[in-house]
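Oh and the sequence shown: position 127 is 127 in the numbering used here, straight run, nothing missing. So the structure is just underneath, and the comments pick up after that.
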Amino acid sequence: MVARNSPDASPTLSILLSNKHVELPTDILREIFETTARNFPGTGVKLAGLCKRTQYWMEWFIYETVVLDHPSTRTSAFLRTIDARPAEFFSQRVKNLYLSYTITLDEAQKILPVCSSLTHLTCWAQSSQRPGWLLPLLSSSTLTRLSIKLDMLTTRGALLSFSDKIFQGLTHLEIVSPPPVKTGMSVDWTTLIGLPKLKHLIIGNLFSWDHFYLLPIIRGLLDLSVSLEVLAILSKDERMLEALGCQEFIDPRLVILPRFNWPLDLPTYWKNLYTGELDAWEPSAQKVMKQRLERNQQIRLTTPLYQD
């Protein structure tokens, strides 16, 4: 089991399984175990070890979210599990998959085909040597949240368009390290504005010497996207921050963050994803909510109570 860690579970749950005088319907008993695992991060593996029945129940929870980062032993264990289980096991259970920059292209190409019913994919695998490799492995029918580098989706010389069907169902999109102009990668950024379901967009990291060309796109998203609720820009570049701080970019939906794991350090960020204590999209959404509240408060303070 590699998707969650495991402090001790309550002995009361063992009693529920072993006490012959306690007869709960199976669906209620399963709900008790699943609720316990969700409310007490890290208990799922321990509960799975109680008996075969709880192992079956908990495997659905344990493998729902798979996070592969440090240590490499976790990735190795997951790859061994892929060798030992049928592909259907993963396609049915794995819904949220995080592949960090520690994952090799070969490892990613082994993992993704069996995890074929994802709703959330973060894929930062080491793959710059093979542009376009990811697109054939994605399912547009289930995917709603995606975090990737754009060169994973297009071959050299081809025009990448966000009108591709893989983007149409997305509510959350993170564009990691967008290509500088000098790379020659062709992207039709105007099609990003028309995504019908996109609510949350993260772009970064941005640098003034590579990404000033994106400023009109950012302004266009704020002006024209009918669904966008959060636009987070990752940057610590002073000139980029100065440009985004000017009057034309004042919008409560726009937030600037210094790094993807803000406000946590890296070990805590990956650990909290692993235990289910963190939604990677939540910090920027919370910051937008705070900005909206502050803006509404400012409007109330500056609006006269009585007008002629």
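A virtual CB, placed ideally from N, CA and C, is assigned to each residue, including glycine.
Query                                                                                                                                                                 : Result
Are Q126 and T104 close, meaning C-beta to C-beta below 8 Å?                                                                                                          : yes
Let me know if C123 comes out buried or exposed under the rule of 16 or more other beta-carbons within 10 Å of its beta-carbon.                                       : buried
Could you compute how far the alpha carbon of C115 sits from the alpha carbon of I299?                                                                                : 48 Å
Looking at the secondary structure, which residues open and close the alpha helix (DSSP H) in which A243 lies?                                                        : 238-244
Taking 8 Å as the cut-off, does the stretch 198-211 touch the stretch 172-186 (at least 3 CB pairs, one atom from each stretch)?                                      : yes
Residue ranges of each alpha helix (DSSP H) run of no fewer than 4 residues wholly in the stretch 102-180, ordered along the chain?                                   : 105-111, 165-168
Report yes if the C-beta distance between H172 and W262 is below 8 Å; otherwise report no.                                                                            : no
Quick check on the DSSP output: the alpha helix (DSSP H) that includes D223 runs from which residue to which?                                                         : 215-224
Who are the near neighbours of L112 in its chain, counting only those whose CB is closer than 7 Å to its CB and skipping five residues on each side?                  : L137
Can you check which of these residues, G194, Q168, W133, D151, is closest to T183 by C-alpha distance?                                                                : D151
Taking the alpha helix (DSSP H) that I202 falls in, what are its first and last residues?                                                                             : Element bounds for I202: not the alpha helix (DSSP H) but the beta strand (DSSP E), 200-204.
Considering only C-alpha positions, which residue in the set I256, L222, T190 is nearest to E207?                                                                     : Checking the sequence, you will find Phe at residue 207 rather than Glu. Ranking the options by Cα distance to F207, first place goes to I256.
Per DSSP, what are the beta-bridge partners of D210 in this structure?                                                                                                : Looking at the DSSP assignment, D210 forms no beta bridge with any residue, so it has no partner.
Taking only the alpha-carbon atoms, compute the straight-line gap between L293 and E248 and give it to the nearest angstrom.                                          : 20 Å
Can L234 and L221 be called in contact, C-beta distance under 8 Å?                                                                                                    : no
Report the three-state DSSP secondary structure of V45 (helix, strand or coil).                                                                                       : helix
Got a sec? Which residues, its chain only, sit under 6 Å from A108 by beta carbon, not counting five neighbours each side?                                            : L99, A125
Per DSSP, what kind of secondary structure is N5 in: helix, strand or coil?                                                                                           : Because the pLDDT at N5 is just 47, under 50, the model does not fix this residue reliably, and the value given afterwards should be weighed accordingly. It is coil, neither helix nor strand.
Say whether the stretch 188-198 touches the stretch 150-167, bearing in mind that this needs 3 or more beta-carbon pairs closer than 8 Å, one atom from each stretch. : yes
Which two residues bound the contiguous beta strand (DSSP E) that contains I256?                                                                                      : 254-257
Taking the alpha-carbon positions, what's the P41 to D279 distance?                                                                                                   : 13 Å
My output table needs one value for V66: the three-state DSSP class, helix, strand or coil.                                                                           : strand
Reducing DSSP to helix, strand and coil, say where L293 ends up.                                                                                                      : helix
Which residue or residues does DSSP assign as beta-bridge partners of A232?                                                                                           : I202, V255
Does the distance from the C-beta atom of R93 to that of Y56 stay below 8 Å?                                                                                          : no
Grouping DSSP H, G and I as helix and E and B as strand, with all else coil, what is L99?                                                                             : strand
Taking the alpha carbon of I166 as the point to measure from, which residue in Y101, L244, N272, L146 has its own alpha carbon closest?                               : L146
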